[in-house]
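In terms of my numbering, the sequence shown is numbered consecutively and its last residue is 84. By construction, the Cβ of each residue, glycine as well, lies at the ideal position given by its N, Cα and C atoms. Given the structure is predicted, the values throughout are model-derived calculations rather than measurements.
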Amino acid sequence: MDGFWENVLRYQRYFVTVLLGVVWHVLEPLVPLFKRPLSAIALVSLMVGLLTFVALTLRAMLGLTAA
């Protein structure tokens, strides 16, 4: 158990690094679309729509009420 906690912290840092790398590579191709106003509005609308869809789907699946 000499380096147990050090190894546990190392895996957490690795997970965060991998997660940030994935997010970076997903969002990197979308950056040029934000330079034009029309495509930026469309992209933001799409993101909000997808987030709303996922939230409403999860609420329905879990039986949560909106009230």
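Your pair F51 and A59 does not check out as a contact, with CB atoms roughly 11 Å apart and the cut at 8 Å.
Between the alpha carbons of L47 and L67 lies a distance of about 16 Å. Boundaries of the alpha helix (DSSP H) around V61: P54 to L79. Annotation: the continuous alpha helix (DSSP H) that includes E23 extends over F21 to L44.
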